[in-house]
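These notes concern the structure reproduced below.
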Amino acid sequence: MAVKPTNKPRVIIAGGGPVGLYTAHALAKANIDYVVLEQLPEVVRLRGAGIVLLPNTVRLLDQIGLCERTEKKGTRLNSKVNLLQNGRVLCRFPLFEPMQEAFGYYTLGFSRRDLLQILYEGLPDRETRVKTNARIVNIETHDSGVRVHLEDGSIEEGSIVIGVDGVHSKTREIMTKLARASSENKDGEDPYPMAAHFQGLFGRAPCRDELPKGTFFESHGTGVASQVVNGNEFMYFAVLRALPTPTTERRRYTKQELDEEAKRLSHVHLFPTVKFKDIWAQCDHENDASLVHIEEGFLDKWYHDRIVLLGDAVHKMTPINGNGVNTGLQSAAVLVNQLHGILSSGSDFTSEALQKAFHNYQTTQEETCRKTCDQGAFMTRLVTWSSWTGWFFDRFVVPWLNLEEAAKSQTRPLLQDAHVLDFVPFESRVGEVPWNRMPKGQA
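Taking my numbering, I'd label the letters of the sequence shown as residues 703 to 1145.
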């Protein structure tokens, strides 16, 4: 059964993760019709890594009216501690508090589930706008729209598809095939754009009162790095380990493999006085932990015809620099600004207008996203001592640097130039550093 198309522009969002749900909020603010297709049975689900929301992301949530709930649920981050895997502290410095002073918004440690819940429950008409168990099997494009075929035999019709369905994006797979079919070079296949050099064990455990809250602990060592924050209710941890060889194979690890990996990591100190095995003993392994490949990659072309991609479907990085969700939400704001611009100019979602909008979206975000991915790749290999020069620099040079000032010089230009929705006025918080971008017509 097909959903009947209308003359009104309609956007089909493939993927109900944080970036997909924020995109839905942005489209609702733009008064653009949409539907979210999530392949899993539920949107708000427990599994998933902890997330760091930077001030520019909290500002985007403020603009759509979700800041208060977000700050109430999240853990305010303050400083960062680098340590060796034997627990010896290399250095500590105020990383996050200066961001709040500069921009007026806190950096928040967050559960992916809690973020999904806030975005989902705050979405107008969510019961009819978000469809679960909606697995895409094919997409047809034509002169005036798209037809999205689902596994249950139903069809969704709309004007465009926004693929926000993750690193193993089905939308990207279909888009790539359509692009190849329309080109002169139809032979061969494009190489898979995402490769895993690391695997990650992610999980949560009950918070421990004897450990500081809001301090970001990161342990460094040969081939292994960990990150953990002791939050208000739970602590969220991630332990990365280098794979023997990079792979593009999609891998699902068994419970036995998860337990074996936990044993291998048992000696690693997540905190100066607490080892991984101590945290693992408090963790619900069945429901609160997972072992996955951590892909990295960057797509050269982010759109084709009436299909456009966002987030991990386009650019995937390790969690070491904490920018996956933050970058995805920024890109979503830029894309929806372009779509709103088409309609506010009196035009429609014509093929010509969409190609211009998609081009502007990629041009606006590509350099920043590439730099962010490159920085993440560099940082990941630095803290896992993938070379002797990296080991020497991280072990003996970094602790003597002025890390607070170095962090300011790296993060402030990126945060200051962050995007917002052009068409939604709001009272943005301000700090010592003025924002470069405000909604149009708002000083």
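Built from N, CA and C at the ideal position, the CB exists for glycine as well.
Who are the Cβ neighbours of residue i in its own chain at under 6 Å, not counting the five residues just before and after it?
{"i": "H1042", "result": "A732 and F1125"}
{"i": "F1128", "result": "Q765"}
{"i": "A881", "result": "H1006"}
{"i": "N1028", "result": "L756 and T759"}
{"i": "G923", "result": "Q787"}
{"i": "L903", "result": "V941, E963 and L993"}
{"i": "N1138", "result": "Q1118 and D1119"}
Between the options, which has its C-alpha nearest residue i's C-alpha?
{"i": "P893", "options": "P800, F1000, G1133 and T975", "result": "F1000"}
{"i": "H969", "options": "E959, L960 and W982", "result": "W982"}
{"i": "L1123", "options": "D867, R747, Q1032 and K775", "result": "Q1032"}
{"i": "I1009", "options": "M1081, H1061 and A907", "result": "H1061"}
{"i": "C985", "options": "A881, A883 and C909", "result": "C909"}
{"i": "I841", "options": "G860, V1132 and Q1118", "result": "G860"}
{"i": "E962", "options": "L993, R953, V1016 and L945", "result": "L993"}
{"i": "T949", "options": "L972, Y955 and H995", "result": "H995"}
{"i": "L942", "options": "R952, L960 and D1002", "result": "L960"}
{"i": "E770", "options": "E744, V737, L821 and G752", "result": "L821"}
{"i": "L1116", "options": "F805, P720, K979 and M1081", "result": "F805"}
{"i": "R837", "options": "T873, H844, T843 and Q1118", "result": "T873"}
{"i": "K1058", "options": "W1004, K1018, D1014 and C1075", "result": "W1004"}
{"i": "E1134", "options": "R1114, A1120 and Q1144", "result": "R1114"}
{"i": "E744", "options": "A1079, D1014, F1098 and E829", "result": "E829"}
Tell whether a beta-carbon distance below 8 Å holds between residue i and residue j.
{"i": "T834", "j": "L723", "result": "no"}
{"i": "E998", "j": "H899", "result": "yes"}
{"i": "A927", "j": "T1086", "result": "yes"}
{"i": "Y938", "j": "S813", "result": "yes"}
{"i": "L729", "j": "M877", "result": "no"}
{"i": "L797", "j": "V791", "result": "no"}
{"i": "P1101", "j": "C793", "result": "yes"}
{"i": "L779", "j": "G811", "result": "yes"}
{"i": "A964", "j": "F936", "result": "no"}
{"i": "I734", "j": "V850", "result": "no"}
{"i": "V839", "j": "E858", "result": "no"}
{"i": "F918", "j": "K782", "result": "yes"}
{"i": "V746", "j": "L818", "result": "yes"}
{"i": "V866", "j": "A716", "result": "yes"}
{"i": "D1147", "j": "G1030", "result": "Any question about residue 1147 goes unanswered here, given that the chain covers just 703 to 1145."}
In the DSSP output, which residue or residues are listed as bridge partners for residue i?
{"i": "F936", "result": "P908"}
{"i": "Q929", "result": "E920 and A940"}
{"i": "F900", "result": "A944 and I996"}
{"i": "T843", "result": "V848"}
{"i": "V1010", "result": "I864 and Y1005"}
{"i": "I715", "result": "V738 and I864"}
{"i": "L810", "result": "L755 and R778"}
{"i": "K1018", "result": "G999"}
{"i": "V1132", "result": "V1132 is not bridged to any residue."}
{"i": "F795", "result": "K782"}
{"i": "K977", "result": "H971"}
{"i": "E859", "result": "R849"}
{"i": "I838", "result": "L852"}
{"i": "T949", "result": "A898"}
For residue i, which residues from the same chain have a beta carbon less than 8 Å from its beta carbon, with the 5 sequence-adjacent residues on both sides left out?
{"i": "E1054", "result": "none"}
{"i": "R1168", "result": "Here the chain has residues from 703 to 1145 only, and residue 1168 is not among them."}
{"i": "F1095", "result": "L1084"}
{"i": "A751", "result": "R814, G902, F904, Y938, A940 and P1021"}
{"i": "H1017", "result": "G999, F1000, L1001, T1029, C1071, R1072, T1074 and C1075"}
Answer yes or no: does any C-beta atom of chain B fall closer than 8 Å to that of residue i?
{"i": "S968", "result": "In the structure shown, chain B does not exist; there is a single protein chain."}
Starting from residue i, follow the alpha helix (DSSP H) in both directions and report where the run begins and ends.
{"i": "V994", "result": "Looking at the DSSP string, V994 is not in any alpha helix (DSSP H); the run it does join, the beta strand (DSSP E), is A991 to F1000."}
{"i": "E799", "result": "E799 to F805"}
{"i": "R882", "result": "K872 to A883"}
{"i": "L1031", "result": "G1026 to S1046"}
{"i": "R828", "result": "R828 to R831"}
{"i": "H727", "result": "P720 to K731"}
Can you tell me where the beta strand (DSSP E) with residue i in it begins and where it stops?
{"i": "N784", "result": "K782 to L786"}
{"i": "G752", "result": "G752 to L755"}
{"i": "R1083", "result": "Segment S1053 to V1085 is the alpha helix (DSSP H) holding R1083; no beta strand (DSSP E) there."}
{"i": "H971", "result": "H971 to F973"}
{"i": "R1114", "result": "Where R1114 is concerned, there is no enclosing beta strand (DSSP E), although the alpha helix (DSSP H) it sits in stretches over L1105 to Q1118."}
Going along the chain, which residues of its own chain have a beta-carbon closer than 7 Å to the beta-carbon of residue i, five neighbours each way excluded?
{"i": "G925", "result": "R943, A944 and T1086"}
{"i": "G933", "result": "T777, G811, C909 and K915"}
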